[in-house]
Amino acid sequence: MLQTIEVEVDAQGGIHPLQPLPKVWEQRALLTLFVPEPLFVQTDSSNIRSLFGLLKARKGVSLEAMDTAIREHVEMKVRL
0 MLQTIEVEVD
10 AQGGIHPLQP
20 LPKVWEQRAL
30 LTLFVPEPLF
40 VQTDSSNIRS
50 LFGLLKARKG
60 VSLEAMDTAI
70 REHVEMKVRL
């Protein structure tokens, strides 16, 4: 059975569960790290406002076209 728990990872790589682990004799675990993107961590609201402008689209625009436009816009911002 799989169970998801939240953990903190310290600077030395130590893993600290934020809730009790189930009692079993032996355990294996997979750790998936959430690493925030620097672009979205910024507090500059002008970047956020410019991204919202990309969400306005004409009827009939495919999700793929919107995704491509967003990715190109983000790449352009990262290069600046």
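Number 51 in numbering that gives the first Met the number 0 belongs to position 52 of the sequence shown; there are no gaps in the numbering. Glycine included, every Cβ here is placed at the ideal spot set by N, Cα and C.
Exercise. Since Val6 is in the beta strand (DSSP E), which residue starts that stretch and which ends it?
Worked result: 6 to 8
For this session: Answer yes or no: do Ile14 and Val8 have a C-beta to C-beta separation smaller than 8 Å?
Result: Yes, the pair counts as a contact, with Cβ atoms nearer than the cut-off.
Exercise. Just how far apart, CA to CA, sit His72 and Val60?
Worked result: Our two residues, His72 and Val60, have alpha carbons roughly 17 Å apart in a direct line.
Exercise. What is the rounded straight-line gap between the Cα of Leu30 and the Cα of Met65?
Worked result: Whole-angstrom Cα-Cα distance: 32 Å.
Exercise. Which one of Arg70, Thr3, Met75, Thr67 has the shortest CA to CA distance from Leu119?
Worked result: There is no way to answer for residue 119, as the model of the chain reaches only from 0 to 79.
For this session: Determine the extent of the beta strand (DSSP E) in which Pro16 is found, giving its start and end residues.
Result: Note, Pro16: beta strand (DSSP E), 14 to 16.
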